[in-house]
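In case it helps, my numbering puts the sequence shown at residues 11 to 128. Built from N, CA and C at the ideal position, the CB exists for glycine as well. Quick caveat: nothing in here was measured; it's all calculated off a predicted structure. A quick write-up on the structure given underneath.
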Amino acid sequence: MAVKLRLKRMGAKQKPFYRIIVADSRSPRDGKFIETVGTYDPVKKDCPVTVNNERVIYWLKNGAIPTDTVKSVLSKTGVWADYKTSKTKKVAKKAKKEAPKKETTKKTTKKASKKEAK
């Protein structure tokens, strides 16, 4: 099941209002959805976007793919940058954890060096 972050159109004619939802990619635009994570009102001039940052980042970390419009809305609000920084921190921790250990050189004894010489 592919999960997407996308817009659900609400409002009257000529007055669009959108909800940012988490939905299965196979469901219709205004159909069944999993969760509402924010709103977007392009008609209003002041504060057109409200987003639940924690839930959006949760869904993005679990593999949800945002549509182009939702991605631009998230980048305007700063949620996309928060997600990217949390992702890079996770990768850095993982890389640090999996860093190869330095090999220690073994001291050779006289017997071992004689065997190697033969």
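In terms of DSSP beta bridges, what is K25 paired with?
A22
Does DSSP classify R36 as helix, strand or coil?
coil
Does the Cβ-Cβ distance between V47 and V66 come in under 7 Å?
yes
Would you mind reading off the limits of the beta strand (DSSP E) that contains T46?
E45 to Y50
I'd like the list of long-range same chain contacts for K6, defined as Cβ closer than 8 Å, with 5 residues on each side in sequence excluded.
There is simply no residue 6 to check, as the chain begins at 11 and stops at 128 in what is shown.
With distances taken Cα to Cα, identify the nearest neighbour of R39 among V80, D78, K18 and T79.
K18
Between which residues of its own chain and V13 is the CB-CB distance below 8 Å, once the five residues before and five after are set aside?
V32, A33, D34, S35, I44, W69, N72, G73, A74 and I75
Pull the bridge partners of I30 from the DSSP assignment, please.
L17 and G48
Beta-carbon separation (whole angstroms), V80 vs L15, contact threshold 8 Å:
5 Å
Could you tell me the alpha carbon to alpha carbon distance between W90 and Y28, rounded to whole angstroms?
19 Å
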